[in-house]
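Heads up, the final residue of the sequence shown is numbered 200 in the working numbering, and it's a clean run with no missing numbers. Below: one structure, written as structure tokens.
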Amino acid sequence: MDTLFPMRLSRRNAVAAGAAAMAGIGLTAGATRAAKQRAVTSGGGIAGGGLIEGPDASFHVVLSGSRFTLEDDDVALFGFLQLFDPAQNLSMTSGEIRFYGQPDGAPDDTRELRGLITVTESGVETGSFPFVLTAVVAGAPGPEGDSLTLAVGAAAATPDAASTDDFAFELSGNLVSGDLTLLTFAFDEE
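So, in structure tokens, the structure goes:
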């Protein structure tokens, strides 16, 4: 079988690998800024994944997003989004993350991730396009109530989309398996 992803990776291992990568990035960034240490004062995030089934497609989703506030009120963002539909041979993998957080006026269980995502169709990279992902987390373990809405490219809900984008994609649905979890990172003040 020809596949875009030659290795198998569970959602749990993907989230753990993402956390390890973020920690590694933090250690590397800290080493290059040894003269100016900045402490993280607060943070939070979302992690999880699962399967969204619709009438025309079934998408496997892996998601993580984190926002950390530093002592000088700068914000550090980390995130990753990957979607794959084997029936359509369509995959999307995020690159640059421009925003993660609770949208203004949204309920406490809602988070948004925005940035650029690379689209690959039938093994051919179509390009990188702006995306907006909105996640609603039900709170209880398991997929019941967890939902995702995604707009990519020239889709109407994508605020960063340029009128020249040739690609438009929208997805909305509930997870039928898997889970999304909101995270709060507590840091001791010294």
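Note that CB positions come from ideal geometry on N, CA and C, so glycine has one too.
- Put simply, the backbone Cα of residue 163 is about 12 Å away from that of residue 102.
- Between the region 183-190 and the region 96-116, the count of Cβ pairs shorter than 8 Å is below three; the stretches do not touch.
- Classified as exposed, residue 64 has fewer than 16 neighbouring CB atoms from the shown chains inside 10 Å of its CB.
- In this structure residue 177 touches residue 139 by the C-beta definition: roughly 5 Å separates them, less than 8 Å.
- At a Cβ-Cβ threshold of 7 Å, residue 109 and residue 121 do not count as neighbours.
- In terms of CA proximity to residue 117, 148 leads the group 77, 148, 132 and 181.
- Of all alpha-carbon atoms in 94, 107 and 73, the one lying nearest the alpha-carbon of residue 146 is that of 73.
- Following the DSSP letters along the chain, one finds residue 154 in no beta strand (DSSP E), marked with neither H nor E.
- DSSP places residue 184 in the uninterrupted beta strand (DSSP E) bounded by 178-195.
- Straight through space, the alpha carbons of residue 76 and residue 62 are spaced by roughly 22 Å.
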